[in-house]
Structure formats: C-alpha cells, structure tokens
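Novice:
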Amino acid sequence: MNFRYSAAVVLALVSAAFALDGQIGIHDPSTVMLCDGKYYTFGTGGSSLVSDDGWTWSRGVAPGRRGMAPDVIHIGDRYYMYVAANIGGQPKAAVNMISNRTLDPDSPEYKWEEGGVVASSDGIEDCNAIDPGVFLDPNDGRLWLVYGSYFGYIRLVELNPRTGKRLNPDDQPRDIAINCEASAIIYRDGWYYLLATHGSCCRGTDSGYNIRVGRSRKVTGPFLDNMGIDMIKGGGKLFLGSSGRVVGPGHFGLLDLEDGVQKFSCHYEADLDRGGASVLDIRPLLWKDGWPVAGENVREGTYEIESVRTGTALELAVEGVPVGGRLRMPGMPGGGSGIFGGTGGIIPPQDVTQVSQNWPAGNIDLRLSNYMLQAQQKWTIAPVADAGGYPGSPYFKITIAGTDRALAATDEAELVAVPAFTGAPEQLWRIEQLTDGAYRIMPKAVPNTREALAISAVGSSFATLARFDPGGDRQRWYLNTP
Amino acid sequence: MKALSVFPTLLIALIAAVMVNFAAVPEPSGRSPENAARGPAPTLTRPATPVKDPDGEGFIRRWLILEPIGANGLTQSVVQAAVRREYFPKQFTIIPRDGEKVQIEGSDLTWHAVDTSLHNINLYHFAYALSKPTSNVLFWAVTVIDCSRELKDVRLAIGSNAASVWWVNGKEVIGIYGDRQSVIDDGVSKRLTLKKGPNVVRCAVVNGGGATDFCARFLDKDDAPVKSFTVNLG
C-alpha cells in the first residue's frame, strides 16, 4: 500500500478519504473501460492506466494514436476510441477515431485500426474540436459525439454505431453548450444529462476546474440547469468542485457497475497528498431529485451500520449495557435525583474495554437492534493494506470500535464476529455507495460459494448474507456517525 | 395422528363436547385474581380438527401452551438463565397431550392445545381466561409441523411480547430480549432445514407486564412465507 496508509497518516486523519492506489498520474482520462477483467483509461499524450481491480493502477500501453483527452466506448466486439489533436494551433483541431477488438496489449487480437476524422474545427469557426465524449443512447441505439473546448461551442454530431464513424458527414453539428470542455452525455429515467467541465485546467492548485451539469428530455438539448439556465448560455449546476485535499476535478466519465451501483471517473488537477500532481479518481455517482450527485468513497471511521429496511443497527448479539449504567431509581440503594433528573454530570461514551468483559471470548453472532449508542453497536471501518480493492476503494475490515473483533462471513453464508482480524478474504469488505446514497456491504469472499453476496436484513432483528437486490431495501445500509 | 384422521367427525364431536373457550376481556392492571370467572376469548379455541394449516401468510396457528410460570426480568442474561432452569422433566423434548399436567414448585400446571383465529397467539387472553397471572411470567409453548418433503434454507421468523427463546428440533435458533412489542419477523433464525415429517418448534416467552403474545412462521430463501406444512399435535 502506498504512503497514504502509513501509521502516522492514519493516526493523523480522523476520517480519511482514500484516493486510488498505485500509479494514478493522468490528465484528461477517458471513460474507464472494463475489458477481459481489467480496467483501462487513457489520457492526454498517449498516457494510459490499467488495473486488475479498479483500485490499484499501473502504467499501461499507449494507444494507437496519441492525442488529447480521448474517450472510449465498447460497442459489439469493438472498442472505439475518439482522440483529438490540434492541427497547427487551437482552435483548429480534429477528432479521430481508432478502434480495436481488445484493450489488452497482450492479446493476439490487439490491433488499432484507423477510422478517420469524425469532427473538426477550422480554426475560425466558434468551436475547438477537442475533448470528445461518446454516448450510445440506450433508448434507440443511436451513437453521438460531443466535443469542444472553450473557444465557442460544445457541439454534438451523430455517429454510426456499426462503424463508429460519422453517420452523415455533411450534417451540421448542433451547438449545445458554451464556454466549457470535457463534455459527456449520460441518460437516466427519461433525461439526458450533459456534464461538462468549467473553469481552467493545467495550473496545478490554481486550476479552477469544476464539473457542471444540465439536463434535457432530448439528446439534442436544450440542456438546462437547476435554475432553468441553458448551458448554451453558460448554465450548469455544480456537480463536483474542489474539496478536501484535491483541487480541480474535471473530465467526468460514467462507470456503470449495474445492480444500482454507478460510479464516475475524473481527474483532479492537483492532489495535495501527491505533491499537487494530476491524478485519476473513481467515486460513487448518486442521484437526488433527478440530478446526479458526486458521492464519496467510504472514509475510515467509526459508524453505526443502520439497516434501511428496518432502521435497526448491526450489533454483536451480546447483552447491552445502557450508556452510563443502568438507571438507579429514587428510593433504591444508590438512587439519584429521579428518573428524569439525570446524573448531574456528563455521561461519557461507553468504554468498550469495560463492557466487553462479559462478552464471549470466541465467535459472537450478529443481530439487529435499536441503536442505543452502545459499544457492541459501533463499528470501525478501516482500509486493509495490500488486500486489493474494487473501483474506487480498497477492501476494508469492519471491527467493533476499540477491539479487534472483526465482522466475517461464515461457511453457511451467515455473519459472525470473530475474535481477531486475520485478513482472510471472508473478513474483507467491499463497501459501495448506491445511487440513493445508502451502502452495499459485500464480503470479498464467502466460503463454499462463488456467489457475490451482500449483508442483508432479514426481519427486524437479524442480518445475513444474500444476493443483492437493487430493487429493495434488504441489502441497503446507512453508515451513520455515532 | 394419522389414525385420528380416519375419524375426524368423531374427533370433532368429542372435542366440541369438552370445548373450553379462553377469556378475552383484558384486565387493566394485568393481574388476574385466581379462580375468577372469565368470559370466552374470541381468538383462542381448542383444536377442532386433526391438523391445522398455516394461515395465508404462513403463521402457525396451533400450539400447546403451558400455564404460566413466575419469572422476572427481560434482559438477555436473565432470560437465558430462566429458560435454562429445569422446571419439569423433559422440558426441551416433551410433546405433551392437551390437558397433561406438570408440577412446578408444588403447583400443577396444565398444557392446553389452542388454535388462534389470528396470526398470533394472545398469551394475555390465554392466561386471563384461566385466571392465571399475565405479568412477570414465562410461557412454554410447543408445536409440531409436518412437512411433506425436506425444506432446506428456511428460517424461523417470530415476534413476541416480550422476550423469547426458540428451538427447532431441539436446537436453539433465536433469542430476542428486552421489553419489546410483538412484530412479525422480529427475530429470524439462521438458515435451517426442516426434515420430511414432524419437526418440533418450541419457545419460551417471558413477559414483564401488560399485553403478551407471540407469532411464528417460516420463511424460504427468498423471504417468502413457507406454507407447505400442516400442524399436527398428534
């Protein structure tokens, strides 16, 4: 694991977010593609990154054409890459298409084929034909390309989904936005969304890059923001700006993992924890009131794990002790000022070392119960070094706060808390934010099955492992700060 | 029970002749004066058929219930200690007959076979009708479900007011504790297998004060109610 997980850093950060691991330096990354079990993204200047799991990345092989801010789409048996180059000086530019049967350079089928120019700008017209974004409409199978960068308009042209080339080269491009770049179109529930990057790039921590969005009922626009302002007049609802330790997010790319899990890729102009370098990130994509919202990957910390289905909390099946001890009634030995009078002082958080003395030494079953601020209900979620991960995050261990008692999957696909974390696959957890903001929590592996299972509420008071159902609340969990 | 099923009409007539209804009128204090006369309960009756199907949602509607035993406390440790105490011989294995008695601390307590017209068994009605205490008590209940085939990966799902501990074929599978109301599927077991033929479901319900009841059903791997069994108390 990289330096982010040195003991000093972990101790210093009460609630740390985690960027990706490995070699993640890139600028203007393409939409992340999954090909034969590996993830790929391509950036400006022929750069590329590859990952086995979407968490740890390494340098990849340059594609067949080097250029600016490529984008990639997989249709049928081919990967189509659109990559731009200025011809002379901006804004004279062209977008070229190249295609390949695979993105794996080690495959015997790996061979880039030139497809020609699909869009261009002549240096005079109000467009700079770079930063392509390709979109396959799930409603009718039509293929579209948006492109443009600041000088004039963001434009839209139609492509042939069978060839990846321009459908009708003589068709006039449509102007759909202005004064932005790195545009991309996605679709959801009857709306087309145009995400584009505003602000300046390429200035390190002084880069004002931020991603904004408008939506339309038609792929051709108009794309209006939340205030009804057309993006062709400069509108755009903020989707993601600088925050935490990263400056200047740009170049949105959708990564749809299905089953209600969507993510997006972007680059930050400057990651303060990496000396201000431009780096790749993958984050959850949420939806609220018909608008995309940038989620955050799970932060290390201590949480109540609350079932969306029941409103009850995951806990060890041990006898809980009320915070501050059991109420002493007036008139009883040691009784205080009455049941509503309190203690007269501050009641500290429950000391797990004290209350856990009566817990069984071995495995302990899990259950759901009303959250009562008790020690057996507080879970510390922490990344595990060198255990791999999934798009955007490392695997985590989930332990009762202040102890080493770790959540684990059993041979019977049930849950148990084992006395100590060993790093076994059934003790590693994939925690992903769903599009509604709740979380799906899945073990890396379940003994005796290859089926992907998630923590699931059964009834009001029990939790088990079951196949994830994106249409229900059984496998949805909130991570609440206790 | 198969022998009995040959003579269902005769059995019904015999049962009807000795039928005892259970009281329904709640007493605000929750206390029941011994031997007071009580009216019939609208939801609990003596079984009038050889076997009983679960209801449309899979709830088990026929049980044998022992008259209440005094018990105090609803916390996990207290309830666990209470149910592990031996009150009568073969406590965890007995399938009593309706009307069978056990002696506990010098008192004779009787097992009663009951059918409920609801999804739950109202223990308050049960005890009140018998002029037995309803507060600070422990009820033992047992039933036998007859499966026509083996059912794998099912779960017992129960609700109880208040704490309760449950066993299926002698293995403890659920414990829920505290002063809680009865909610369907409140406590759910791990996956288990119901074998072809009779399977014994047993519970101990501990009540503090006020209303007390329980309900139970089995859920399949998709959390749908299991209804492919009958209750047969033999």
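These protein sequence lines map, in sequence, to chains A and B.
Add 4 to a position in the first sequence, counting from 1, and you land on the number used in my numbering.
Add 1 to a position in the second sequence, counting from 1, and you land on the number used in my numbering.
Every residue, glycine too, gets a C-beta built ideally from N, C-alpha and C.
With H, G and I counted as helix, E and B as strand and the rest as coil, what does DSSP make of GLY49(A)?
Specialist: helix
Novice: If you follow the alpha helix (DSSP H) that THR357(A) is part of, which residue opens it and which one closes it?
Specialist: 356-359
Novice: GLU436(A): which of ASP141(A), LEU199(A) and PHE268(A) sits nearest, CA to CA?
Specialist: PHE268(A)
Novice: So what does TRP363(A) bridge to, in DSSP terms?
Specialist: Answer by DSSP bridge pairing: none, since TRP363(A) is not bridged.
Novice: Let me confirm a value: ASN367(A) is counted as buried when at least 16 other C-beta atoms fall within 10 Å, else exposed. Which label applies?
Specialist: exposed
Novice: Taking the C-alpha atoms as reference points, what is the distance between ALA66(A) and GLU113(A)?
Specialist: Distance between the alpha carbons of ALA66(A) and GLU113(A) is about 16 Å.
Novice: Give the range of the beta strand (DSSP E) segment to which ALA424(A) is assigned.
Specialist: Unbroken run through ALA424(A): none, as it is neither H nor E.
Novice: According to DSSP, VAL174(B) sits in a beta bridge with which residue or residues?
Specialist: Answer by DSSP bridge pairing: none, since VAL174(B) is not bridged.
Novice: Measuring CB atoms only, is the segment 268-281 of chain A touching the segment 48-68 of chain A, in the sense that at least three cross pairs come out at less than 8 Å?
Specialist: Judged by pairs of C-beta atoms under 8 Å, the segment 268-281 of chain A does not touch the segment 48-68 of chain A, as fewer than three such pairs exist.
Novice: Is ASP137(B) near CYS216(B), with beta carbons less than 9 Å apart?
Specialist: Here residue 137(B) is Asn; the residue named in the question, Asp, does not match the sequence. Not in contact: ASN137(B) and CYS216(B) (Cβ atoms no closer than 9 Å).
Novice: At what residues does the alpha helix (DSSP H) containing HIS113(B) begin and finish?
Specialist: Going by DSSP, HIS113(B) is part of no alpha helix (DSSP H) but of the beta strand (DSSP E) stretching over 108-117.
Novice: Would PHE140(B) be called buried (16 or more neighbouring beta carbons within 10 Å of its own) or exposed?
Specialist: buried
Novice: Quick one, which of ALA186(A), ASP440(A), MET85(A) and TRP363(A) has its alpha-carbon nearest ILE404(A)'s?
Specialist: TRP363(A)
Novice: With 16 other CB atoms within 10 Å as the buried threshold, where does GLN266(A) fall?
Specialist: buried
Novice: Using the DSSP secondary-structure output, state which residues sit across from ARG63(A) in a beta bridge.
Specialist: LEU53(A)
Novice: In terms of residues, what are the limits of the beta strand (DSSP E) holding PHE400(A)?
Specialist: 400-404
Novice: Check each residue of the segment 69-100 of chain B: if its Cβ is closer than 8 Å to any Cβ of chain A, include it; give the result in chain order.
Specialist: From the segment 69-100 of chain B, only THR76, GLN77 and SER78 have a Cβ closer than 8 Å to chain A.
Novice: Mind checking who ALA386(A) pairs with in its DSSP beta bridge?
Specialist: LYS401(A)
Novice: Answer with yes or no whether the minimum CB distance from GLY463(A) to chain C is below 9 Å.
Specialist: Absent from the structure is chain C; the protein chains it does hold are A and B.
Novice: Quick one, which residues of the segment 412-427 of chain A are near chain B if we go by CB-CB under 7 Å, in chain order?
Specialist: For chain B, the residues of the segment 412-427 of chain A that bring a beta carbon within less than 7 Å of one of its beta carbons are GLU416 and GLU418, in chain order.
Novice: Starting from PHE230(B), trace the beta strand (DSSP E) both ways and give me its first and last residue.
Specialist: 230-232
Novice: Is the beta carbon of GLY119(A) within less than 8 Å of some heavy atom of the ligand MG?
Specialist: No copy of the ligand MG occurs in the structure displayed, which carries no ligand at all.
Novice: What is the DSSP secondary structure of ALA417(A), reduced to helix, strand or coil?
Specialist: coil
Novice: Using a 10 Å radius around the Cβ and a threshold of 16 neighbouring Cβ atoms, would you call SER360(A) buried or exposed?
Specialist: By the neighbour-count rule (16 or more Cβ atoms within 10 Å), SER360(A) is buried.
Novice: Just verifying my parser: in three-state terms, what is the DSSP assignment at ASP221(B)?
Specialist: coil
Novice: Within this structure, are the beta carbons of SER52(A) and GLY71(A) separated by less than 9 Å?
Specialist: no
Novice: Decide yes or no for the touch test of the segment 155-168 of chain B against the segment 203-213 of chain B: beta carbon pairs closer than 8 Å, at least 3 of them.
Specialist: With a cut-off of 8 Å, the segment 203-213 of chain B and the segment 155-168 of chain B count as touching, because enough Cβ pairs lie within range.
Novice: Among residues of its own chain, excluding the 5 on either side of ARG434(A), which ones have a beta-carbon nearer than 6 Å to its beta-carbon?
Specialist: TYR394 and MET446
Novice: Does chain B have any CB closer than 9 Å to the CB of VAL322(A)?
Specialist: yes
Novice: Output needed for GLY346(A): all residues of its chain with C-beta closer than 6 Å, excluding positions within five of it in sequence on either side, in chain order.
Specialist: none
Novice: Cβ closer than 7 Å: which chain A residues qualify as neighbours of ALA158(B)?
Specialist: GLY463
Novice: Three Cβ pairs or more, each shorter than 8 Å: is that satisfied between the segment 288-298 of chain A and the segment 309-327 of chain A?
Specialist: Short answer: they don't touch.
Novice: Could you tell me the alpha carbon to alpha carbon distance between ASN233(B) and TRP112(B), rounded to whole angstroms?
Specialist: 16 Å
Novice: Could I get the ranges of all uninterrupted beta strand (DSSP E) runs contained in the segment 180-264 of chain A, with 3 residues as the minimum, in chain order?
Specialist: You should have 185-192, 195-202, 214-220, 241-244 and 250-262.
Novice: Name the chain B residues whose beta carbon is nearer than 7 Å to that of PHE466(A)?
Specialist: GLY188 and VAL189
Novice: So is ARG480(A) in contact with chain B if we call contact Cβ pairs under 9 Å?
Specialist: no
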